[in-house]
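First comes the structure, then the notes that go with it.
Chains as they are written, first to last, in this note's numbering: chain Z, 1 to 393; chain W, 1001 to 1325; chain H, 2001 to 2360.
Take a look at the structure:
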């Protein structure tokens, strides 16, 4: 049974009045045969049959008003396989005029407000955002900007200790002496301050989960470049589980999975943590990667890294184990969703086929953002890293 | 009180004002005998005669230009451009003359013209029939640009436009022409130009819209109310000059602003509102101002038009994002 | 002393080769003598008519958007198509499907366009032809520009532009004609004077006796032809194209016909014109006389007609089926072909459009 509904007969007409039926119940009609004359706000039009079939029901008599989209005619059956049959219902409301049941909103009161009795705290937007991430209560501050406006400096001052030579009132940290190297208060500047802020934001948003494992390097040929191998392994693992090479945006509930692997490498400098980015590691040779690593590390130490070389990594790597440390719970830095930490490689006692052997092993710690990466994805990624690292070369 | 559609309200406004004021004349394509392709001017030629309700030759530039000459002579032309997409040949006259006549004659000559034009898409029409070009018109100082969102407001604002001494571009949202009916008192009472209308009261976020998008905006507000987000919905209605006082009062109250328009994002009127609100109320804002707009593409043919025109869900998602900032 | 300039005497020739009942009214041109050319044109006229009726029905059953019927215009449209060479370029308004079908535009193309899908203008067979032009008159300068390109490159090609009686009131019409005149461009313009511009009769459009004489102001020769006479139109256009091709300059041809249907399916012509007028025009319509002539020549028959109609119906039904089963473009298609290359900042808008489209 096919229901044919009154179509939109032209540019937004919402209803029509039946003028005259040309057919009656029981008639057999063919496609395009005129069925009914209807009058719209604009014209009297003939509505032809969309299908061939037998009329089962006519909805309405001459003089009745039918809304666009309401049933007009029911057919008992259409020719099998006809396009009209497939589309008989779709050939109905093509015009998208909503029904006349909706009402228009009237004007609600005036538009000039009475002044608000509770004034909102006036703060520079950047100050509001920083206050939130540092956990500073704006209401407890008195702003030093014009008209009591809370500025960025006001929030920083409230969230962090005061300058070297001053003891902020009420501070519990009093310098034992004025010597600068004996526990004096140091406001965080530049890299350290940035790290404090970004780590706080990461803590507040990322759902961290860390998986630990080891890669057995005993098959390695001599003279292999550790970091380059790790970069290569990351690029390989990305092909297995691309979801760890991605950004996540909580506000839009969306993630961007990247084709290129741009690895942010944590570099330790006297001033603090710097994360230069090695671009597109999957497409470069080992030699090229080593050259780029050297260049970036050198630039990092000299503080000559350009700002666009510090942006936009899709995955992060921390070779923290150079000095000490086997496993860690490295921190995912949003919007990236994962970080790999490599601990200190050393000789371990391992059990192989019931025998004790000594193998060189590299500890691996993979932290992932469980809001957007599943455990399965993470361990498959880690497994792929291990498989690639364990290859002789 | 009778209930009328927007197009019927527009017709009633013509009838009223042409009865009161013999200077009001109508000029456009198919407006006389045919009563307009949307029937906005139906019955006018029968009532007021062919001298006052004229079918023009097929030439938009001519219609706009002739209106200027008539207006300078003391007539009050209410002209029709059949669809917004066809306004371009008239832009030379609108921009170079209508908008400037008062200014360049130091007030000696002026141009009390109303240019009515269907605005926006969503009615399954052919290409060029679905455009939203208010930003183009708003960018010309000397013009008023008005866009009603209901039969009552169409009636009241059209009367105000006809009575206004300056040239008014009256943008009629096509998909609201027959959308629904509203009670209307046909009493010749005008609504003020240059003023917003509050359509819903709320304290959490200000939603601004105009024209057909007020419908989706109000539906979004209803849905958001069930999530305990109460929207202050304003119909901007006059897009040039804009009633920023009302907008700023609302933003100071709520601290959050989302602007909804069908026209494309880039250089849309939403950008002007966002910039002005930022300038005057930055420190009251709790979140960035967001816009829900048509995409920066050519208006697609009708199979995709509802993917272009912002839907209720886009508005709801954007307000939610604004609330969690 | 008062002087005056005497213009050369202006005549607007009127050509009719086949009268309303199919009698030949002038010497038959060479190309028409064996009847096969005429037969080919008649077959295409029938195809246009059969398709046109179906398109109107599709709109009435909600499967097609607003559609402008070409009922009664088949002779002019098909004859122009037949006279043009493949390397000429067409600048239509939006009704001339007879010309477009001749030049390889498919029925499905036309349905897709009026069905709200941009892919309907891809025109694989005539890739340089312009698609429908909705802003009235604006196609004229395009045609003049193409003609200018042919002239600059020394190519023996013509630009062919259509315009309606209403369109001759637009500034762009005069501007383009003026350029064509002053530069002797290879531009042939066909004014399809079908009597009506929506509800405006030609008498409300202009004070001139003919529309062809508007060429005089541009220095472009003009003539009128019975637009329902496929022989006459084919001959007149053929001559105009030959002249233009050989450097003889532009021609303005006014084809007199009648818009037997409403302006579009959104219009109701009974509001502004009488049924009697339409009936009278129906007697002059092009199919009757062409068929009469062909039958008189022994080239056509009742049976041939029935067979042709069946063939055309089948062709149309197949195209309709294809159209109805063509899936909509993905919402991201709005961003395709916006520029030669999509600016990067628009990619996120495209993602947004797809995201929301997927929710519906």
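A virtual CB, placed ideally from N, CA and C, is assigned to each residue, including glycine. Since we're looking at a predicted model, the values are computed, not measured.
Could you tell me which chain Z residues have their CB closer than 9 Å to the CB of residue i, listed as they occur along the chain?
i, result
"residue 2206 (chain H)", "The premise fails here: residue 2206 (chain H) is roughly 27 Å from chain Z at the closest Cβ pair, so nothing lies under 9 Å."
"residue 2267 (chain H)", "10, 42, 43"
"residue 1022 (chain W)", "By Cβ distance, chain Z contributes nothing, its closest Cβ being about 29 Å from residue 1022 (chain W), past 9 Å."
Could you pull out every residue in the same chain whose Cβ sits closer than 6 Å to the Cβ of residue i, ignoring the five residues on either side in sequence?
i, result
"residue 2172 (chain H)", "2137, 2138, 2140, 2141"
"residue 2037 (chain H)", "2031"
"residue 2068 (chain H)", "2094, 2095, 2264"
"residue 242 (chain Z)", "257"
"residue 2196 (chain H)", "2259"
"residue 2016 (chain H)", "2025, 2226, 2229, 2232"
For residue i, which residues of its own chain have a beta-carbon under 7 Å away from its beta-carbon, when the five flanking residues on both sides are left out?
i, result
"residue 22 (chain Z)", "34, 35, 36"
"residue 1045 (chain W)", "1032, 1033, 1053"
"residue 326 (chain Z)", "343, 344, 363"
"residue 1037 (chain W)", "1030, 1082"
"residue 211 (chain Z)", "366, 378, 379, 382"
"residue 166 (chain Z)", "Annotation note: pLDDT 42 at residue 166 (chain Z) (below 50); position unreliable, no value reported."
"residue 312 (chain Z)", "262, 277"
Applying a beta-carbon distance threshold of less than 8 Å, which residues of chain Z neighbour residue i?
i, result
"residue 2060 (chain H)", "7, 9, 45, 46, 47, 48"
"residue 1321 (chain W)", "251, 252"
Provide the residue(s) that pair with residue i in DSSP beta bridges, ordered along the chain.
i, result
"residue 404 (chain Z)", "Beyond the ends of chain Z as shown, which are 1 and 393, falls residue 404 (chain Z); an answer cannot be given."
"residue 1048 (chain W)", "Per DSSP, none; premise fails for residue 1048 (chain W)."
"residue 225 (chain Z)", "Residue 225 (chain Z) pairs with nothing; no bridge assigned."
"residue 369 (chain Z)", "Z:208"
"residue 265 (chain Z)", "Z:317"
"residue 2224 (chain H)", "H:2014, H:2254"
Is residue i buried or exposed, if buried means 16 or more other CB atoms sit within 10 Å of its CB?
i, result
"residue 1107 (chain W)", "exposed"
"residue 2345 (chain H)", "exposed"
"residue 1322 (chain W)", "buried"
"residue 245 (chain Z)", "buried"
"residue 1283 (chain W)", "buried"
"residue 1209 (chain W)", "buried"
"residue 2063 (chain H)", "buried"
"residue 349 (chain Z)", "exposed"
"residue 1279 (chain W)", "exposed"
"residue 1111 (chain W)", "buried"
"residue 1165 (chain W)", "exposed"
"residue 4 (chain Z)", "buried"
"residue 1096 (chain W)", "exposed"
"residue 207 (chain Z)", "exposed"
Just to make sure I have the definition right: I need the residues of chain W whose C-beta is within less than 8 Å of the C-beta of residue i. Which are they?
i, result
"residue 219 (chain Z)", "Within 8 Å Cβ-Cβ: nothing; residue 219 (chain Z) doesn't reach chain W, min ~51 Å."
"residue 2341 (chain H)", "Neighbours of residue 2341 (chain H) on chain W: none; closest Cβ ~14 Å, over 8 Å."
Closer than 7 Å by beta-carbon distance: list the chain Z residues that pair up with residue i, in chain order.
i, result
"residue 2057 (chain H)", "32, 48"
"residue 1255 (chain W)", "120"
Residues of chain W with CB under 7 Å from residue i, in chain order?
i, result
"residue 200 (chain Z)", "Neighbours of residue 200 (chain Z) on chain W: none; closest Cβ ~17 Å, over 7 Å."
Against residue i, what residues of chain W qualify as contacts under a CB-to-CB distance less than 9 Å, listed in chain order?
i, result
"residue 2271 (chain H)", "1033, 1034, 1035"
Below 8 Å on C-beta distance, what does residue i contact in chain H?
i, result
"residue 1303 (chain W)", "2115, 2116, 2117, 2328, 2329"
"residue 1052 (chain W)", "Here the premise fails: no neighbours, minimum Cβ distance about 16 Å."
Tell me which same chain residues have a C-beta within less than 8 Å of the C-beta of residue i, skipping the five on either side of it?
i, result
"residue 269 (chain Z)", "191, 300, 301, 303"
"residue 2241 (chain H)", "2083, 2084, 2085, 2088, 2158, 2160, 2188"
Run down chain H in chain order and give the residues with a C-beta less than 9 Å from the C-beta of residue i.
i, result
"residue 1058 (chain W)", "2136, 2137, 2164, 2165, 2166, 2167, 2168, 2169, 2170, 2197, 2198, 2200, 2205"
"residue 1029 (chain W)", "2166, 2197, 2198, 2199, 2200"
Which residues in chain H have a C-beta closer than 7 Å to the C-beta of residue i? List them in chain order.
i, result
"residue 1297 (chain W)", "2334, 2335, 2338"
Q. Just by C-beta distance, which residues in the region 1082-1108 of chain W are closer than 8 Å to chain H?
A. 1085, 1086, 1088, 1089
Q: Compile a chain-ordered list of the residues in the region 2063-2089 of chain H whose CB is closer than 7 Å to at least one CB of chain Z.
A: 2063, 2066
Q: Residues of the region 121-147 of chain Z with a CB closer than 8 Å to any CB of chain W: list them in chain order, please.
A: For the region 121-147 of chain Z, the beta-carbon criterion of a distance under 8 Å to any beta-carbon of chain W is satisfied by 122, 123, 124, 125, 128.
Q. Which residues, taken in chain order from the region 1116-1131 of chain W, show a beta carbon closer than 7 Å to some beta carbon of chain Z?
A. 1122, 1123, 1124, 1125
Q | Interface residues of the region 1187-1201 of chain W facing chain Z [CB-CB below 8 Å] | A | Answer in chain order: 1195, 1196, 1197, 1198, 1199, 1200, 1201.
Q | Within 7 Å of chain Z by C-beta, residues of the region 1158-1184 of chain W in sequence order | A | Cβ contacts with chain Z come from 1174, 1175, 1177, 1178, 1179, 1180, 1181, 1182.
Q: Taking a Cβ distance cut-off of 7 Å, strictly less, list which residues of the region 1266-1291 of chain W are near chain H, in chain order.
A: none
Q) Just by C-beta distance, which residues in the region 13-37 of chain Z are closer than 9 Å to chain W? A) 13, 14, 15
Q) Which residues, in chain order, does the region 1225-1243 of chain W contribute to contact with chain H at a C-beta distance below 8 Å? A) none
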